[in-house]
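Structure record follows, encoded as structure tokens.
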Amino acid sequence: MRNLLLCLLLLSLPAAAQVYTYLDAEGNRVFTDKPQQGNAERIQLAPTNGMHSNTHEAPPAATPPSAPPLSYQMLRILVPQPDATIRDNTGNLIVTATSEPALHPGHGYRLLVDGQATGESGRSPVFALENIDRGTHQLAVEIVDAQGRTLERTPNQPLHMRRMPLTQKRLASPCKKDDYGVRLECPLRDKPAEKTDIPFVPFF
């Protein structure tokens, strides 16, 4: 019974408390947490096996989820429409594209005509073309990354450019004096000789 009381006493004391024992006047063993004068002896307690949390220790960092690859759900040409016929005597053309989502950082749009890039890639989806030859051409727009690698590309889209021949343009709009050397269909070599108003005076 005495041993049981001893165990209960030791368990009830704080982990950092000191335990002392001594024999009282009647020869009984006494345990206390207060030092006594005389024959009191200090008892060495075994360390507890409890785990103490460190409130200052940062929790382990969560592993960030891997970023999904940058992709696009849609890329298409808005203008011109597929198989469109453009009538422009100068061969000029505006091409506009769109994507969903919008361009990711580091990506750019690039226009291809008949499989050839018309220039460097850029953030703008609007392209201005000049002097496109008469006939049928294939348009395509692609999205490229910073290394120029193609990420997305539209199917080839036919375009028909109609330009009036120079002879028909001259018939439709005859060349005037100030048109020579300015209009393509009015070259300087075809400019008529200018007449002078100085009368001819024969010499005898």
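Reading the sequence shown from the start, the letters are residues 1 to 204 in full-length UniProt numbering.
Where a beta carbon is used, it is the ideal one built from N, C-alpha and C, also for glycine.
From a predicted model like this one, the values you see are computed outputs, not experimental measurements.
| request: For L103, write down the residues that DSSP places opposite it in a beta bridge. | output: According to DSSP, L103 bridges with nothing at all.
| query | Apart from the five residues on each side of it in sequence, which residues of its chain come closer than 6 Å, Cβ to Cβ, to H137? | reply | Cβ neighbours of H137 beyond the five flanking positions: V113, D114, L159.
| Backbone CA spacing between L188 and P105 [nearest angstrom] | The straight-line gap from Cα to Cα measures roughly 51 Å.
| query | Near L184, which residues of its chain fall below 7 Å by C-beta distance, leaving aside the five closest residues on each side in sequence? | reply | Hits under 7 Å: L166.
| request: Could you have a look at A146 and say whether DSSP puts it in helix, strand or coil? | output: The answer is coil: DSSP assigns A146 none of H, G, I, E or B.
| Is it buried or exposed for M161, if we count other Cβ within 10 angstroms and need 16 for buried? | With 16 or more other Cβ atoms from the protein chains shown falling within 10 Å of its own Cβ, M161 counts as buried.
| Can you name the start and end residues of the beta strand (DSSP E) that M161 belongs to? | Residues 157 to 162.
| message | In the DSSP assignment, the beta strand (DSSP E) including S86 goes from what residue to what residue? | response | The question names Ser, but residue 86 in the sequence shown is Ile. In the DSSP assignment, I86 falls within the beta strand (DSSP E) that extends over 84 to 87.
| query | What's the gap between the Cα of R134 and the Cα of K191? | reply | When only Cα atoms are considered, R134 and K191 end up about 26 Å apart.
| said: Just to confirm before moving on: does the CB-CB distance between R149 and N89 stay below 9 Å? | reply: At a Cβ-Cβ threshold of 9 Å, R149 and N89 do not count as neighbours.
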